[in-house]
Amino acid sequence: MEKVRLQKFMADSGVASRRKSEEMIASGHVRVNGKTVVEMGVKVDHNDKVEVDGMPLETENKRYILMYKPRGVISAVTDNKDRKVVTDLLDDVQERVYPIGRLDYDTSGLLLLTNDGEFANHLMHPRYHVDKTYIAKIEGVMTTEEIRNLEKGIKFKDYTSARAKVHVMSKDKKKNSSIVKITIHEGHNHQVKNMFDAVGHHVEKLARESYGFLTLDGLVSGKYRDLTRQEVAQLKSDK
Ligand code: URA
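This is the structure in C-alpha cells:
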C-alpha cells in the first residue's frame, strides 16, 4: 500500500469523514507511532501505528456487500434488546462491516454494508442523490390528488420531502389495499411510511427493490453478495 495522508487513512478506516478526521488531528486526538500529530500532511500506511484517543486503528480489506434484508432484522451491528441484526446474517465475512443507512425492522429489501467509512459517508451525504425505489402495500386506494401530493413533496416538521415518483401498480377495492411503487432520493427516518401516512394511507408492508442502479436480482431474502469493482467505482464516482 502506498502511503496516504493521515486524514484519508482515518476516513478509510471508518473513523470519521476526512474533514472530521482533520479536526481530530488538529485538536491532538491522533498519534502516529507513539507521537501526537497535529499538523496536516503526514503520510502513513499499514506499517504505521495510528491511534485515535489511544485506540489503535485496525485496517482491514475493504468490503462492499449488497444484502437482501429480510423483515424482522435490525439494520445495525448490535441490538440492546438482543434481536437479530443484519451482520448476524453474514457467515463468511471477517471484516467489520456495518449498514449504510437503514431499513426499518419490518422493511425488507436492498441494503448495502461496508467497512469503508469514506464510501459510506459519500453515499449518505444529502448531496448524493441516489434514487431508492420501494414497493409499498398500503391501506386503501389513492386518489389522483393524493398521488400528486405525494409526488410534489410532503411538508414535515423538520423537512419537506423532495419530488417523488409514484406509480400505482395494483388496487384491490374489495380488500381495501393497493400496491404502490415509489422512488425517492432522500433517506429520512421512516420517510416512506410517513409520506403515505401524511396522505392518509397506512403502509402495511414495505420493501426496497433498488438503490440507484443496483437491484436484488439473483438474491433471495437473507442472502448477499459482494459488489463488483465496477459497481463500487460507479457508486464512488456518481455525484
Ligand atoms: N422508509 C421507511 O419508512 N422505512 C424504511 O425502512 C425505509 C424507507
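In terms of the numbering used here, the sequence shown is residues 28 to 266. All C-beta atoms, glycine included, are put in the ideal place defined by N, C-alpha and C. Just so we're clear, the structure is a prediction, and the values are computed from it rather than from any experiment.
beta-carbon Y161 near the ligand URA non-hydrogen atom, thresh 7 Å: True, at least one ligand heavy atom lies under 7 Å from that Cβ.
Member of R45, K192, G214 whose CA lies at the smallest distance from the CA of R154: Of the listed residues, the one whose Cα sits closest to R154 is G214.
Own chain, CB closer than 7 Å to K200, minus 5 neighbours either side, in chain order: Here the set comprises V168.
Per DSSP, the bridge partner or partners of D253: Beta-bridge analysis with DSSP links D253 to I92.
Quiz: which residues have CB nearer than 5 Å to the ligand URA non-hydrogen atoms: That query returns the following residues: L130, D131, T134, H217, Q218, V219, K220.
Backbone CA spacing between E29 and A43 [nearest angstrom]: Each residue's alpha carbon lies about 21 Å from the other.
Best match in Y238, G239, S205 for proximity to F223 [C-alpha to C-alpha]: Closest by alpha carbon: S205.
Stretch pair the segment 231-250 + the segment 188-196: three plus CB contacts closer than 8 Å: For the pair of segments examined, the segment 231-250 was found not to touch the segment 188-196: the number of CB pairs separated by less than 8 Å stays below three.
Residue range of the alpha helix (DSSP H) that includes D39: Looking at the DSSP string, the run of the alpha helix (DSSP H) that includes D39 is 33-39.
Nearest-angstrom Cβ-Cβ length linking D39 and E122, presumed shorter than 8 Å: With a beta-carbon spacing of about 13 Å, D39 and E122 fall beyond the 8 Å limit used to define contacts.
Bridge-paired residues (DSSP) for K220: Partner residues in a beta bridge of K220, as assigned by DSSP, do not exist.
Through-space distance from Y251 to L116, alpha-carbon basis: L116 and Y251 have their alpha carbons spaced roughly 9 Å apart.
Given 8 Å, three or more beta-carbon pairs between the segment 67-83 and the segment 233-243: These segments do not touch.
Where G144 sits in the DSSP three-state scheme: In this structure, G144 counts as helix in the three-state DSSP scheme.
From N142, N107, K108, L138, residue whose alpha carbon lies closest to that of V120: When only C-alpha atoms are compared, the closest one is N142.
Exposure label - G136; buried when at least 16 CB within 10 Å: By the neighbour-count criterion, in which 16 or more other beta carbons inside 10 Å mark a residue as buried, G136 falls on the buried side.
Assigned exposure category for K159 - 16 Cβ within 10 Å defines buried: Of the other Cβ atoms in all chains shown, 16 or more fall within 10 Å of the Cβ of K159; this residue is therefore buried.
Assigned exposure category for Y95 - 16 Cβ within 10 Å defines buried: With 16 or more other CB atoms across the displayed protein chains lying within 10 angstroms of its CB, Y95 is buried.
Euclidean distance between Cα positions of L130 and T187: Rounded to whole angstroms, the gap between the alpha carbons of L130 and T187 is 20 Å.
Where K220 falls, given that 16 or more other Cβ within 10 Å makes a residue buried: So K220 counts as buried.
Cβ pair count under 8 Å reaching 3, the segment 253-266 against the segment 91-109: Touching, yes.
7 Å Cβ shell around H156 - same chain, five flanking residues per side excluded: Residues of the same chain with a CB within less than 7 Å of the CB of H156, apart from the 5 flanking positions on each side, are H212 in chain order.
Start-to-end residues for the beta strand (DSSP E) that takes in L177: No beta strand (DSSP E) contains L177, which is instead part of the alpha helix (DSSP H) from 171-179.
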